[in-house]
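A.B. asks:
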Amino acid sequence: MRFRRISKAVGVAAAAVLALSACATQGGSSTASSSSSSSAKQGGSATVVEVNAFNTFNANTANGNTDINSKISYATHMGFYYVDNKLKVVHNDKFGSYQKTSDNPLTVKYTINDGVKWSDGTPVTAYDVALNWAANSAWFDDASADGKTGTSYFSTAGSTQGLNNTNFPDVSSDGKTFTLTYTTPYADWETAIGGNNGTIDIPAHVVAKHTGLADAKALYDLMKGIKKGDPASPQPVNETLKKAADFYNTGFDTKTIPSDTSLFLSNGPYIVKDMVSDQSMTLVRNKDYNWGPAAHLDQIVVRYIGSAPAQIQALKNGEADIIAPQASSDTIQQLKAIQGVTVDQGNQLAYDHLDLNFNGVFADQNVRTAFMLTVPRQDILNKLISQMDPNAKPLDSQIFVPQQAGYADSVKNNGSSAYDSVNIDKAKQLLAGKTPTVRIMYNKDNPNRVDAYTLIAANAAKAGFNVVDGGLGKSDWGKALGNGTYDASIFGWINPGVGVSGVPQIFQSGSGSNFNKFSDPQADSLMKQLVQTTDQSKQVSLEQQIDQRIWASSYGLPLFQSVGVDAYSNRVTGVQYMPNSSGVWWNYWDWATT
Numbered sequence: 383m384r385f386r387r388i389s390k391a392v393g394v395a396a397a398a399v400l401a402l403s404a405c406a407t408q409g410g411s412s413t414a415s416s417s418s419s420s421s422a423k424q425g426g427s428a429t430v431v432e433v434n435a436f437n438t439f440n441a442n443t444a445n446g447n448t449d450i451n452s453k454i455s456y457a458t459h460m461g462f463y464y465v466d467n468k469l470k471v472v473h474n475d476k477f478g479s480y481q482k483t484s485d486n487p488l489t490v491k492y493t494i495n496d497g498v499k500w501s502d503g504t505p506v507t508a509y510d511v512a513l514n515w516a517a518n519s520a521w522f523d524d525a526s527a528d529g530k531t532g533t534s535y536f537s538t539a540g541s542t543q544g545l546n547n548t549n550f551p552d553v554s555s556d557g558k559t560f561t562l563t564y565t566t567p568y569a570d571w572e573t574a575i576g577g578n579n580g581t582i583d584i585p586a587h588v589v590a591k592h593t594g595l596a597d598a599k600a601l602y603d604l605m606k607g608i609k610k611g612d613p614a615s616p617q618p619v620n621e622t623l624k625k626a627a628d629f630y631n632t633g634f635d636t637k638t639i640p641s642d643t644s645l646f647l648s649n650g651p652y653i654v655k656d657m658v659s660d661q662s663m664t665l666v667r668n669k670d671y672n673w674g675p676a677a678h679l680d681q682i683v684v685r686y687i688g689s690a691p692a693q694i695q696a697l698k699n700g701e702a703d704i705i706a707p708q709a710s711s712d713t714i715q716q717l718k719a720i721q722g723v724t725v726d727q728g729n730q731l732a733y734d735h736l737d738l739n740f741n742g743v744f745a746d747q748n749v750r751t752a753f754m755l756t757v758p759r760q761d762i763l764n765k766l767i768s769q770m771d772p773n774a775k776p777l778d779s780q781i782f783v784p785q786q787a788g789y790a791d792s793v794k795n796n797g798s799s800a801y802d803s804v805n806i807d808k809a810k811q812l813l814a815g816k817t818p819t820v821r822i823m824y825n826k827d828n829p830n831r832v833d834a835y836t837l838i839a840a841n842a843a844k845a846g847f848n849v850v851d852g853g854l855g856k857s858d859w860g861k862a863l864g865n866g867t868y869d870a871s872i873f874g875w876i877n878p879g880v881g882v883s884g885v886p887q888i889f890q891s892g893s894g895s896n897f898n899k900f901s902d903p904q905a906d907s908l909m910k911q912l913v914q915t916t917d918q919s920k921q922v923s924l925e926q927q928i929d930q931r932i933w934a935s936s937y938g939l940p941l942f943q944s945v946g947v948d949a950y951s952n953r954v955t956g957v958q959y960m961p962n963s964s965g966v967w968w969n970y971w972d973w974a975t976t
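Residue numbers (the numbering used here): 383 to 976.
#1: Under three-state DSSP, which class holds Ile694?
#2: Out of Arg750, Gly722, Leu912, state which residue places its alpha-carbon closest to the alpha-carbon of Tyr950.
#3: Give the C-beta separation of Gly797 and Gln716 to the nearest angstrom, bearing in mind that I take them to be a contact with Cβ-Cβ under 8 angstroms.
#4: Do Thr713 and Ala690 have their CB atoms nearer than 8 angstroms?
#5: If distances are taken between C-alpha atoms only, which option among Pro940, Ala732, Leu912 comes closest to Pro776?
#6: For the putative contact between Asn434 and Thr448, defined by C-beta atoms under 8 angstroms, what is the C-beta separation to the nearest angstrom?
#7: If you measure between the beta carbons of Ser944 and Asp734, is that distance less than 8 angstroms?
#8: Following the continuous beta strand (DSSP E) through Asn848, name the residue where it begins and the one where it ends.
#9: How about Trp515 and Gly611: do their beta carbons lie closer than 8 angstroms?
#10: What residues in its chain sit with their C-beta under 8 angstroms from that of Pro487, if we drop five residues either side in the sequence?
#11: Identify the residues that DSSP records as bridge partners of Arg667: which are they?
#12: At 4 residues or longer, and completely inside the stretch 510-585: list those alpha helix (DSSP H) runs for me, N to C.
#13: What residues match up with Ala677 in a beta bridge as DSSP calls it?
#14: Below 7 angstroms CB to CB, which residues in the same chain sit around Ala752 once its five sequence neighbours on both sides are set aside?
#15: CB-CB under 7 angstroms to Asp833, same chain, minus the five flanking residues each way: which ones, in chain order?
#16: Considering only their Cβ atoms, is the gap separating Lys899 from Gly855 smaller than 8 angstroms?
#17: Taking only the alpha-carbon atoms, compute the straight-line gap between Thr533 and Pro618 and give it to the nearest angstrom.
#18: If you measure between the beta carbons of Thr819 and Val743, is that distance less than 8 angstroms?
#19: For Gly410, count neighbouring C-beta atoms within 10 Å of its own C-beta (all shown protein chains included) and say buried if the count is 16 or more, exposed if not.
#20: Do Val882 and Ala787 come within 8 angstroms of each other at the CB atom, strictly closer than that value?
#21: Just the C-alpha distance for Asn741 and Asp869, rounded to the nearest angstrom, thanks.
#22: According to the neighbour-count rule (16 or more other Cβ atoms, all chains shown, within 10 Å of its Cβ), is Asn437 buried or exposed?
#23: How should Asn773 be labelled, buried or exposed, when 16 other C-beta atoms within 10 angstroms of its C-beta is the threshold for buried?
#24: Pairing CB atoms from the stretch 642-650 with CB atoms from the stretch 457-464, are three or more of them under 8 angstroms?
#25: Quick one: Cα of Ala790 to Cα of Asn699, how far?
#26: Taking C-beta to C-beta, are Leu645 and Phe942 nearer than 8 angstroms?
#27: What do you reckon, are the CB atoms on Gly866 and Ala539 nearer than 8 angstroms?
#28: Whole angstroms are fine: how far does the CA of Gly938 sit from the CA of Asn474?
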């Protein structure tokens, strides 16, 4: 399952861990300024390779929620916390502080320190936090489930269940303090505010400017004057708020560096200097930054290379210093054969899956079930995973991975056993002579996804399905998720590893990341209970019930938990393996040249 508050859609082939949030390990909180070694060399440059290509400076939206966009956001922004590779929440007291001031009602107070600022010199304020809350809460939305009445404002990838159940937040007169009072308990309150990876990453004063408002306070005052949305009683659209939301949703999208520098402001260790569409990005040190872990490198070059052999060659030739290629036995063997290279390997908090849309050709559950019965999950595992992990088995849960408490019991009861093996005859019986056309969307630049598609398409044809190749390029597939141009999709979810809100993020009716339009009232009720439950044993029980509801709907199939591999040359130090959505970037400030 994916975790933290927001799970990431990934084009990498085998990453797997939790696609949801409930399965993550909550390791508690700690405070640290940096894990950097004071003796590490200052200055220099390193090149890191990513599989997917960057396409937006707003990784919080449903369309922008991919791993690469989030990683760039993380490197160029800071916030109240981050998650370390032990999956613990680390407070960044140099940026600011936050504390629970009341349990009943649940109240949390955030304070930003003096001197924290955007790279244009504008202070980071509680108004920026208020925008983060507004965008991730759907607080103003009053659109009906079918979208025929009311208005949806901000696009968000994450679940809105927690932040939606609050009063309108208070901001102090000096703009430094933000106080949020919940109307119901919320299990993930500690990681509720902070965008991707705990960062405050979208400047309210920039959204205000592009809306025609004077400043960030004016945007806050606008929002304060608008009632909470109620789908049962929709109000006329507020045109100014809609303009602000529309800019937030799409105004930061780009593959090249914008002429308007306000569209890529930093409040973190690095600033974007240059971008080449679908090829690379260059980050340089933010010399004004001193409100969090201090970075060593003067420059980080990010290259986008989908092919594992090409990544390995770049590392071998000295054209890359850090890579995280598509994991395969050949990849690992080739990396270990390169002198002066360290290889880290482990299971990821990610998994690959096949999702079926609940409309169009798959509106009929019998057709969904028939397609699922044709999917050769064992063959896919054998081809992509087994040589790296001989003990690996097809993933049999939509919520848990095998290492998590709750997985085994969930698998016994969730109905996954019906798809333990391919059953073409039963699929034909369910189709009753029909020959449905199914378009499958996936990242065609990802070799593992190509192999999975090829195996799925060939088997589906045996039952009478006409499968159409809907593969898209590495920077386009993520934006296509949920746009209605395909019937099924193959991709992965990966998460930060803390919290439970990733479950409703993916499976709740109407959620921004619910791309296939799954909707189950009973599952929705269970998810509502989940995000209000702090007892972890009760969380596991609720997740097991949700898992069963998902399988009963013929949702699609989890394929396998992903194996992660990172490799880095002896030209750099400070790289540490991380199983969650941050990957090697989790402590980029520790990277240094030798």
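Ideal Cβ positions, reconstructed from N, Cα and C, are used throughout, including at glycine.
As the structure is a prediction and not an experimental result, all values here were calculated from the model.
C.D. replies: So, from the listed chains and residues:
#1: To locate residue 694, count along the sequence shown from 1; it is residue 312. Here Ile694 sits in helix by DSSP.
#2: Walking along the sequence shown from the start, residue 950 turns up at place 568. Of the candidates Arg750, Gly722, Leu912, the one whose C-alpha sits nearest the C-alpha of Tyr950 is Gly722.
#3: Taking the first residue of the sequence shown as position 1, residue 797 is located at position 415. Taking the first residue of the sequence shown as position 1, residue 716 is located at position 334. Taking the Cβ atoms as the reference, Gly797 lies roughly 40 angstroms from Gln716, outside the contact range of under 8 angstroms.
#4: Here residue 713 refers to the residue found at position 331 when the sequence shown is read from its first residue. Here residue 690 refers to the residue found at position 308 when the sequence shown is read from its first residue. Closer than 8 angstroms, so yes.
#5: For the purposes of this step, residue 776 is taken as residue 394 along the sequence shown, with counting starting at 1. Just measuring C-alpha positions, the residue of Pro940, Ala732, Leu912 sitting nearest Pro776 is Pro940.
#6: Residue numbering aside, residue 434 sits at position 52 when the sequence shown is read from its first letter. Residue numbering aside, residue 448 sits at position 66 when the sequence shown is read from its first letter. Between Thr448 and Asn434 the Cβ distance is about 6 angstroms, and since that is below 8 angstroms, they are a contact.
#7: In the sequence shown, the residue the question calls residue 944 occupies position 562. In the sequence shown, the residue the question calls residue 734 occupies position 352. A contact, by the Cβ cut-off of 8 angstroms.
#8: Counted from its first residue, the sequence shown places residue 848 at position 466. That run of the beta strand (DSSP E) goes 848-851.
#9: For this step, residue 515 is matched to residue 133 along the sequence shown. For this step, residue 611 is matched to residue 229 along the sequence shown. At a Cβ-Cβ threshold of 8 angstroms, Trp515 and Gly611 do not count as neighbours.
#10: One-based indexing of the sequence shown puts residue 487 at position 105. Within the same chain, Pro487 has close Cβ partners Thr563, Tyr564, Thr565.
#11: As a working mapping, residue 667 is identified with position 285 in the sequence shown. Answer is Tyr652.
#12: Runs of the alpha helix (DSSP H) spanning 4 or more residues and lying entirely within the stretch 510-585 occur at 543-546, in chain order.
#13: Numbered from its first residue, the sequence shown carries residue 677 at position 295. Listed as beta-bridge partners of Ala677 by DSSP are no residues whatsoever.
#14: Counted from its first residue, the sequence shown places residue 752 at position 370. Excluding sequence positions up to five before and after Ala752, its CB lies within less than 7 angstroms of the CB of Ala809, Leu812, Leu813, Ala845, all in the same chain and listed in chain order.
#15: One-based indexing of the sequence shown puts residue 833 at position 451. Correct list, in chain order: Lys765, Leu766.
#16: To locate residue 855, count along the sequence shown from 1; it is residue 473. To locate residue 899, count along the sequence shown from 1; it is residue 517. No.
#17: One-based indexing of the sequence shown puts residue 533 at position 151. One-based indexing of the sequence shown puts residue 618 at position 236. If you take the alpha carbons of Thr533 and Pro618, they lie about 8 angstroms apart.
#18: Stepping through the sequence shown from its first residue, residue 819 is reached at position 437. Stepping through the sequence shown from its first residue, residue 743 is reached at position 361. Less than 8 angstroms divides the Cβ of Thr819 from the Cβ of Val743.
#19: Working through the sequence shown from its first residue, we reach residue 410 at position 28. Unreliable positioning characterises Gly410 in this predicted model, as indicated by a pLDDT of 37, which lies under 50. The coordinate reading is nonetheless provided below. It counts as exposed.
#20: Locating residue 787 in the sequence shown gives position 405, counting from the first residue. Locating residue 882 in the sequence shown gives position 500, counting from the first residue. No.
#21: Position 359 of the sequence shown holds residue 741. Position 487 of the sequence shown holds residue 869. Their backbone Cα atoms lie some 8 angstroms apart in a straight line.
#22: Mapped onto the sequence shown, residue 437 falls at position 55. Using a 10 angstroms sphere on the CB of Asn437, the tally of other CB atoms reaches 16 or more, which defines it as buried.
#23: Within the sequence shown, the letter at position 391 stands for residue 773. Label assigned to Asn773: exposed.
#24: With a cut-off of 8 angstroms, the stretch 457-464 and the stretch 642-650 count as touching, because enough Cβ pairs lie within range.
#25: By 1-based counting over the sequence shown, the position of residue 790 is 408. By 1-based counting over the sequence shown, the position of residue 699 is 317. Roughly 45 angstroms between the two C-alpha positions.
#26: Counting from one through the sequence shown, the residue named residue 645 turns up at place 263. Counting from one through the sequence shown, the residue named residue 942 turns up at place 560. Not a contact, by the Cβ cut-off of 8 angstroms.
#27: Stepping through the sequence shown from its first residue, residue 866 is reached at position 484. Stepping through the sequence shown from its first residue, residue 539 is reached at position 157. Going by C-beta atoms, Gly866 is not nearer than 8 angstroms to Ala539.
#28: The count along the sequence shown starts at 1 and reaches residue 474 at position 92. The count along the sequence shown starts at 1 and reaches residue 938 at position 556. Roughly 40 angstroms separates the two Cα atoms.
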